[in-house]
Amino acid sequence: MSRMRRIHFINFMRTMAVTTVFFLSPLHFLALGFDGLAIGLVMSLFAAAPIVFSFPTGWINDRMSIKKVVLGGLLVMGAMFVLTGFVRSVPGMAAIFLVLGIANNVLNVSINSLYYKDETEVDPNRKYGVFVFWLSLGPPAGLLAGGILARFSGFRTLLLVFAAVTALTALAVRGFNHEKFAAVSIRDYRFSVFNRKTLVFSVLLFVLALHWGTEGTVYAPFLRDRFGLGDSGVALYIAGAYLALALSALAVSRLRYDPRLNRKLFLLGMSLSGFGLIMMVQKDIGLSFLFRFIHEGGDGLMGALVVLYISRLFEKRTIGGSAGILTALQTSGHIAGTMAFSWLGYRAGLQVPMLVAGGLLLVNAAFSLVALPRD
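When the letters of the sequence shown are read in order and numbered with the numbering used here, they come out as residues 21 to 395.
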């Protein structure tokens with residue numbers, strides 16, 4: 021198996037496990053008696069890890085071997101899945117999800133660094149569209165399997181199975197060489213990140229990430245309360261809609277690189293994402309699913325193009341640390357959305373965060389005309 025195929029395999033298996041646990045955990049927390057504030061705290065700690073660890077991980081990736089970093093991240097992630105099945109207190113769960121967030125972020129930044137630096141694929145649309153396709157195909161596969169496991173064996177069994185899957189995925193790391201890149205001074209990152217073009221793009225990423233705060237806090241409970249779905253029904257709904265994300269990323273990979281077309285696709289993706297998120301609060305489950313499918317399709321267009329734009333913003337020698345800084349800034353939006361929408365949803369109604377977050381995405385679509393790089 022080639023190195024790039026190993027990267028796609030690891031991304032598929034990693035997101036299959038962590039996204040399933042991320043989406044279904046709020047239902048588990050409610051069963052443990054956690055309130056909305058506690059759920060927001062736990063999930064925000066998962067999201068908070070990249071703020072502190074993204075740049076250090078990226079900087080290490082720019083200077084040292086990535087192989088051991090990826091291996092360690094997978095093993096720690098598997099261990100946290102096991103602990104999640106046995107801990108019942110809010111402080112204990114908060115600590116676990118903080119470590120889980122660190123492990124996931126280490127994997128995300130390290131694998132991205134390796135992929136950004138690879139030059140075997142010339143066309144950026146194909147390169148990053150395929151990357152996001154495999155990254156996005158894992159969640160629907162995991163949610164389908166997780167829904168079945170949760171229904172017939174319980175949430176703890178689901179966690180143990182995904183812990184084993186994550187540990188076995190670590191075997192794929194053996195195919196990596198001890199990739200090393202040029203040593204980079206921390207001072208070099210100042211010029212690559214702190215310029216007008218990158219800072220404006222960072223604002224766009226921050227606002228984009230706000231809507232992620234609905235997904236780990238109110239999304240699954242909304243589906244249960246609105247449509248009476250159990251764990252398996254929630255998993256099936258989320259998995260089916262999430263498939264649109266992978267398919268739209270694949271569509272980007274089939275298009276030849278064209279900066280003007282990519283800008284139009286990003287604007288379309290942001291608009292579809294916001295519109296679909298607002299309209300998914302329909303009381304008819306069929307219409308709700310249709311609009312959620314549209315939302316995820318928009319997210320897929322944006323996801324493929326965000327990593328493409330990041331690859332064009334920075335030089336390869338500094339892209340690990342520079343992309344890590346952008347990840348940290350984007351994560352701050354995720355945390356803000358998690359705390360705000362969890363609080364709002366459990367007080368004003370679980371559908372309200374969807375409406376607010378969708379509106380913010382539509383505003384961000386207009387801002388993207390200014391914020392997107394033109395080449």
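For each residue, glycine too, the CB sits at the ideal point set by N, CA and C.
Is residue i close to chain D, meaning its C-beta is less than 8 angstroms from at least one C-beta of that chain?
{"i": "Leu103", "result": "Included in the structure is just one protein chain, with no chain D present."}
Pick helix, strand or coil for residue i, following the three-state DSSP scheme.
{"i": "Leu275", "result": "coil"}
{"i": "Gly174", "result": "coil"}
{"i": "Glu316", "result": "helix"}
{"i": "Ile86", "result": "coil"}
{"i": "Lys396", "result": "Since the first residue of the chain shown is 21 and the last is 395, residue 396 is not available in this structure."}
{"i": "Gln350", "result": "helix"}
{"i": "Asn215", "result": "coil"}
{"i": "Phe54", "result": "coil"}
{"i": "Ser130", "result": "helix"}
{"i": "Arg337", "result": "coil"}
{"i": "Ser22", "result": "coil"}
{"i": "Pro393", "result": "coil"}
{"i": "Met63", "result": "helix"}
{"i": "Asp245", "result": "helix"}
Relative to the alpha-carbon of residue i, which residue among the options has its alpha-carbon at the smallest distance?
{"i": "Tyr239", "options": "Phe309, Phe286, Val213, Ala348", "result": "Phe309"}
{"i": "Leu188", "options": "Arg283, Ser252, Gly92, Ser130", "result": "Gly92"}
{"i": "Lys88", "options": "Glu139, Leu265, Ile131", "result": "Ile131"}
{"i": "Asn31", "options": "Phe42, Val150, Pro144", "result": "Val150"}
{"i": "Val90", "options": "Lys336, Pro373, Arg283, Ala192", "result": "Ala192"}
{"i": "Lys303", "options": "Leu370, Ala58, Met100, Ser45", "result": "Leu370"}
{"i": "Ile116", "options": "Asn145, Leu61, Glu139, Leu169", "result": "Leu61"}
{"i": "Phe387", "options": "Arg337, Met374, Phe286", "result": "Phe286"}
{"i": "Ala264", "options": "Gly296, Met359, Val227, Arg176", "result": "Gly296"}
{"i": "Ile345", "options": "Ile86, Val129, Leu95", "result": "Val129"}
{"i": "Tyr148", "options": "Met24, Ile314, Ala391, Leu288", "result": "Met24"}
{"i": "Met294", "options": "Thr177, Leu275, Asp319, Arg283", "result": "In the sequence on display, residue 294 carries Gly and not Met. Closest by alpha carbon: Asp319."}
{"i": "Arg337", "options": "Leu134, Phe221, Arg280", "result": "Leu134"}
{"i": "Ala261", "options": "Gly56, Ile27, Pro160, Leu389", "result": "Pro160"}
{"i": "Met322", "options": "Gly341, Val102, Leu225", "result": "Leu225"}
So residue i and residue j are supposed to be a Cβ contact under 8 angstroms. How far apart are they, rounded?
{"i": "Asp143", "j": "Tyr277", "result": "5 angstroms"}
{"i": "Met300", "j": "Val185", "result": "Incorrect: roughly 30 angstroms between the Cβ atoms, too far for contact."}
{"i": "Ala114", "j": "Ile355", "result": "Not quite, the Cβ-Cβ distance comes to about 13 angstroms (not below 8 angstroms), so this is no contact."}
{"i": "Leu178", "j": "Leu169", "result": "4 angstroms"}
Contact the segment 375-386 vs the segment 225-232: 3+ CB pairs below 8 angstroms: yes
Count Cβ pairs between the segment 348-361 and the segment 246-260 that sit closer than 8 angstroms; are there 3 or more? no
contact_flag[the segment 330-347, the segment 42-60] where n(CB pairs < 8 angstroms) is 3 or more: no
Could you tell me whether the segment 92-101 touches the segment 313-329, where touching means 3 or more Cβ pairs closer than 8 angstroms? no
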